[in-house]
Each structure stands twice: as C-alpha cells, then as structure tokens.
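Engineer: The opening position of the sequence shown corresponds to residue 1 in my numbering, with each subsequent residue numbered one higher.
We put the CB at the ideal spot given by N, CA and C, even for glycine.
This one's a predicted model, so the numbers in the text were calculated from it and none came from an experiment.
Submitted below is the structure of interest, expressed as structure tokens.
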Amino acid sequence: MQPAALAITDLTVDYPLADGSVITAVSGVNLSVAPGEIHALVGESGAGKTTIGNALMGLLQAPGRVAKGRIEIGGKPVDIRTGRTEGIVQGRDVGAIFQDPMTSLNPLFTVESQLGETMRHHLGIGRAEARKRSLALLRAVGIPEPERRLKSYPHQLSGGQRQRVVIAAALCCDPKLIVADEPTTALDVSVQAQILKLIRGLADERGVGILLVTHNMGVVAEVADRVTIMLKGKVVESGPVAQVLGAPQHPYARALIGAVPRIDVKLPRLPVPAQESAGAAAAREQVRARMGAGNEAQAGALSVDDLVVEYGARGWLPGTNSRVFRAVKGVSFNVQPGEIFGLVGESGCGKTTVANTIAGLARSTSGSVTLGGQPIGAKRRGAARRALQMVFQDPYSALNPRLRVTTAIAEPVAFYHLAATKAEAVEDAALLLEAVGLDRAAGARFPHAFSGGQRQRIAIARALAPRPRFLVCDEPTSSLDVSVQAQILNLLKDLRDLAGLSILFISHDLAVVRQMCDRIAVMKSGEIVEQAPTEELFAAPTHPYTRELLSLVPSLDKIARDPVALG
C-alpha cells in the first residue's frame, strides 16, 4: 500500500515567551494527505494554518517548537525535536508554492538559472539535462514561448506567469508533497482559474499530494477533495468537501461558510461569525449624524466624463518618436448620491488609475471629473480635498507606523477644523474607532500591533474622519479573511445607508461586487465595455468579456469536478 503523502498526528506547536509563559499556536492537530489528493486547510488569520506548513517543512521561526506529535512525509518521519527530516530533502521530496511569487524568486537570476540550480543540486544532473527538463516543466505549467521565458528575469513576467514558474520550481524534483500557501490570493479571476486548473492537474496527472492553505471557500469548492477548518490552533471540522461545505456541523464552520459572498444571490447583509460590540451601533449613529450635519446630498454626486490618462512623453521634434502608454481611454460614468458603484476588471485594465485620478493622486490627460457639480483636478484644496477620501488596498502602507492610532485619526479632524479643541478631536477619533468595531483603548497602540483586518478598519476610520461625502475604495478587502471581509463590507453598507455616503468600489472579486454594488462598470484594456445595474449585469451580461469573467468566478456550488489534464 502506498504511504500517505503527508500524515500529521497530534501535532502541537508552542512559542515560549521570555516571562516563562507559553503560547500554543497549534494544539493536537491530526491531518493527512493521500497521493493525488488536494486537502484544503482553512481558517482565519491566527488559526495556525501557516504554522503547520512551516512545521512540516522545518521552517518554524525561533522560539517556535514542535512540543509533541508526529509528522510523516511519504512514510518518512520528521524529527519533531529539530524540525528536520530524516531522509527527506526540501525541494526534492517537499515542494512549496507561496502567495507572493516575487518573494519566492530571486530577482537577480533568470528562470533557467533558478530551475536549473535546483535540479543540478538535488538530482546531480548537468546543465544541458537541466535545461531540457526546465523547458518541459514550463510547457507543463502552460507558460507560452518557454524557450524565450527561460531567459527572462522575474520582473519581466506577469503575475500569473511568475506563479507558474514557482509551481514549476516546486515540481523540479517530482516531490511527493506540495504545500501551497494562498497560491491564488493576489491573482485576477481569469489567472486564478488557470492556476487552480494547473494545481488540480498536478494531483490528477502526477499523483502529487497537495496541502492547500487558503481562506477562499470558493477555491476550496473548486479544486479540493477534503477540507479541514481550524479555529485558534485546533481542528473544529474535517471531511470531504461536499460534506463539510454542504452540511457543516460545527457552529464556527457554519458561520465561516455563511460569511462567504455568494455570486448567485444578493443578501441585504452578510452574516459574520462574531457579534459586534454593544457600543458599535450607537457610535455609528453618532458618526452618521456628524457626517450628515451641514452636508447636502448632492455633494456626493460624482461624474467622470471622457477621462483619458496617458503615461510617457510625446515626441515634440520632427522625426522623434512618442513613448506614450494610454492607461485609460475615454472612460465615462456617474455615481449618484448614496450609491455604491462598482468598477471591475483584471489587473492592468485601468481601475486603479481611474481611482487615483478621481482622488487627485494622478493627472488626467483629458476629460473631466466633477464632485457635487464642481470640477476637481489633481490640485485641490480645502472643501474639495475633504469631500473625497480614499481607502487603499494595503492598510500596512496606508497608515503612518510612527503615529498612535488615535493621533492618526484625529489629525485630519484638527486639520480641517472640525473640532474646537484637541480633546474634541481625540473624542472624534475614539468614536470612529467604536463605529468601525474597535475598542477605544485600541487608539493608544501603533499600527503594527493590529491584524490586517483591524488595520483596514482603522484606515476606514481615518478616511471618515474629515466627514467626506464620497469614498473611493480600491480593493479594500482583497487580502482579508472571509469573516473580516464580511464585517468590512457590512460596515461600508451601513455608512451608505446611515450617512448617505457615496462609494466607488473597485475590485476584481465579482462575488463581493454583487453583494456591495447598485451598479457596475466592467473595464478591459483601459475602456468600459459594459455598464448596468448589478442584478441586470449578473442575470444577462451582454459583453463576451463580462460573460467570461462571470464564468470563471470560484463558487461554493462548484464542488463536483472531473479530472483535469495538464496542458
């Protein structure tokens, strides 16, 4: 009988602290992956998913330690005292696919150098044989023009191509097991579909066991055979995908699956696993009253007319060439007061360029942007700057790491003279923290002390501090857990409903867009190819590109699969 690709028995991982106490990150976990099986490991940030992956690969950071348990890879045990394997070599017997391919690949070496080095080191083959195998791997993972791409550096490849190279590197030595940690989180829906098809093919065609670490339930339904759901370092439910996703038994599993935005139906409010604090609703009502005071509804109306944005320089002398890239090509749309307008499309289509131009962070080549009937350009002051605020995708870089949270939120309140005294500005900041579901005491801490979801809430609180009429949200939930995502989406809807806030919501996640938006515009190659009310667009899309995007969205309904052949 063929041994399991991975067998974990009663695994416990501890982190001893300087004061003698111990944090248990993983407690008594049992898990197995059969050859040719994809086993998904699901849970929110801090559940212990990545800790398990690091433990089985010997990558635990000090002072982390495997306190007890047994790990076997291909029937061979891992030494739990040292985290090292007996007769197992990372890269040869165990491969890894990480979330960010740019941190997995060396920017100073070509694709051929990186793949070849792995094979020459582990397999003892020559350069010619390594090159031959590298070409075969690039073809297997579906990279076009593999001979040319062998000579490319990572920065010369698209995001999807880089992730395919990482998968090829993981396959270099025909490993028994691959650990895939959030391999598609940052990818567009079409590229994500290609990578998921490839991962499924690795299991079906090559018989590789795959431990898939993810927080995306749609991905789990799309490719996994079994799923294990974790909470605070413990397994709360495990079994076949159809059983766990179709009829979850544990309350947390039911709440987590219920929080997933669905593409097939629009809900008035997304369910969340945890209840909000008692004071949050009262704080939001006070924020609504303050934001509504002195603001006319029409102030939130946005109009974008024939917007063109170009990068580069035009040749101004006879015979000189122009080096101009047109990122946005004549885009027009409007957002009504109190409306949430969705802008969707793949990376590079111009969504963020449109957002940055509206927010005054980029200059337009031609066209106009008006807010409340008043034109706004790249240079804006006072009321125009205050009326429109932006929530960025990455809260880590959006917040000043040197400012305490209360100070960061109170800063725009004082700058726009919305409070008579410093104490009133601090009180405004504390109220905003409560409104976004955080404790007032959290304001005394610095941004690094918070999780990603909490940082995004702080970023939203800071964007609301000047009491704007319009909010631009650029991928505000793309890297968040499903329950945190549900809380953020519900918060934005509450602000629209309670304070009449207008929102431009930019995302490549169509399930999220359906739950959030009243109308949607679809962008491709710098142009809007379709624009319609949400229900109309999802029920009867007219453009082929829109239909293609909708067909590729991972869904909880896509549990039944046929084996996939590698291309």
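Could you tell me which residues DSSP pairs with E527 in its beta bridges?
Structural biologist: Paired residue(s): K524.
Engineer: Who are G342's beta bridge partners in DSSP?
Structural biologist: Note: G342 sits in a beta bridge opposite F505 and I520.
Engineer: Please name the residue, chosen from S483, F341 and A281, that lies closest to E434 on a Cα-to-Cα basis.
Structural biologist: For E434, the nearest C-alpha among the options comes from A281.
Engineer: Looking at the structure shown, is N400 part of a helix, part of a strand, or coil, going by DSSP?
Structural biologist: N400: coil per DSSP, three-state reduction.
Engineer: Apply the 10 Å Cβ neighbour rule to A560 and answer buried if 16 or more other Cβ atoms are within range, or exposed otherwise.
Structural biologist: For A560, the predicted model reports a pLDDT of 40, less than 50, meaning its position is unreliable; a value from the coordinates is still stated below. Classification of A560: exposed, given that the 10 Å Cβ count is below 16.
Engineer: Using the three-state DSSP reduction, which class does H155 fall into: helix, strand or coil?
Structural biologist: It is helical.
Engineer: On the DSSP bridge list, what partners appear for F470?
Structural biologist: Looking at the DSSP assignment, F470 forms a beta bridge with L388 and S502.
Engineer: Return the first residue and the last residue of the beta strand (DSSP E) that L31 is part of.
Structural biologist: Element bounds for L31: V22 to V33.
Engineer: What does the Cβ neighbour count give for G83, buried or exposed, with the cut at 16 atoms within 10 Å?
Structural biologist: The predicted position of G83 is uncertain, since its pLDDT is 49 and thus under 50; no value can be drawn from it.
Engineer: Label L157 either buried or exposed according to how many other C-beta atoms from any shown protein chain fall within 10 Å of its C-beta, with 16 as the threshold for buried.
Structural biologist: Classification of L157: buried, given that the 10 Å Cβ count is 16 or more.
Engineer: As a quick exercise: from P395, G201 and H155, pick the residue whose alpha carbon is nearest that of A463.
Structural biologist: With distances taken between Cα atoms, A463 lies closest to P395.
Engineer: Determine, using beta carbons only, whether A168 and L202 come nearer to each other than 7 angstroms.
Structural biologist: No. Outside cutoff.
Engineer: With distance defined between alpha-carbon atoms, name the residue in A247, V33 and V287 nearest to A461.
Structural biologist: Considering only alpha carbons, the answer is V287.
Engineer: Around the Cβ of Q2, are there at least 16 other Cβ atoms within 10 angstroms (buried) or fewer (exposed)?
Structural biologist: Looking at its Cβ environment, which holds fewer than 16 other Cβ atoms inside 10 Å, Q2 is exposed.
Engineer: Output the distance between the C-alpha atoms of S190 and N30, rounded to the nearest integer angstrom.
Structural biologist: If you take the alpha carbons of S190 and N30, they lie about 34 angstroms apart.
Engineer: Hey, would you say E112 sits closer than 7 angstroms to L171, going by beta carbons?
Structural biologist: Not in contact: E112 and L171 (Cβ atoms no closer than 7 angstroms).
Engineer: Roughly how many whole angstroms lie between the Cα atoms of R162 and K524?
Structural biologist: Rounded to the nearest angstrom, the two C-alpha atoms are 22 angstroms apart.
Engineer: In its own chain, which residues sit with a C-beta less than 8 angstroms from the C-beta of Q249, not counting the 5 before and 5 after it?
Structural biologist: Once the five neighbours on either side are set aside, the close Cβ partners of Q249 are E237.
Engineer: What is the C-beta distance between V244 and L41, in whole angstroms, given that I count them as a contact (C-beta under 8 angstroms)?
Structural biologist: Rounded, the Cβ-Cβ distance is 12 angstroms, inconsistent with contact.
Engineer: Output the boundary residues of the beta strand (DSSP E) element that contains F333.
Structural biologist: F333 -> beta strand (DSSP E) spans R323 to V335.
Engineer: Counting Cβ pairs closer than 8 angstroms, one from the stretch 58-75 and one from the stretch 474-487, do we hit at least three?
Structural biologist: Verdict: no, contact absent.
Engineer: Below 7 angstroms between beta carbons: does that hold for I376 and V472?
Structural biologist: Not a contact, by the Cβ cut-off of 7 angstroms.
Engineer: Under DSSP, the beta strand (DSSP E) around R200 begins and ends at which residues?
Structural biologist: Per DSSP, R200 belongs to no beta strand (DSSP E); it is in the alpha helix (DSSP H), V189 to R206.
Engineer: Considering just the uninterrupted stretch of the beta strand (DSSP E) at M102, what are its terminal residues?
Structural biologist: Segment P101 to S104 is the alpha helix (DSSP H) holding M102; no beta strand (DSSP E) there.
Engineer: Which residue comes first and which comes last in the alpha helix (DSSP H) that contains T546?
Structural biologist: From DSSP, the alpha helix (DSSP H) with T546 extends over P544 to S551.
Engineer: Run through DSSP, which three-state label would T184 get?
Structural biologist: Coil, per DSSP.
Engineer: By the 10 Å Cβ neighbour count, where 16 or more other Cβ atoms means buried, how is N494 classified, buried or exposed?
Structural biologist: Strictly speaking, residue 494 in this sequence is Asp, with Asn absent from that position. The residue in question, D494, is buried, as its Cβ has 16 or more Cβ neighbours within 10 Å.
Engineer: For my contact list, I52 and D225 are in at a C-beta cut-off of 8 angstroms; report their separation, rounded to the angstrom.
Structural biologist: That belief does not hold up - the Cβ atoms of I52 and D225 are roughly 18 angstroms apart, past 8 angstroms.
Engineer: Got a sec? Which residues, its chain only, sit under 7 angstroms from C517 by beta carbon, not counting five neighbours each side?
Structural biologist: Here the set comprises I340, F341, G342, F505 and T534.
Engineer: With 16 other CB atoms within 10 Å as the buried threshold, where does N216 fall?
Structural biologist: Buried, by the Cβ-count rule.
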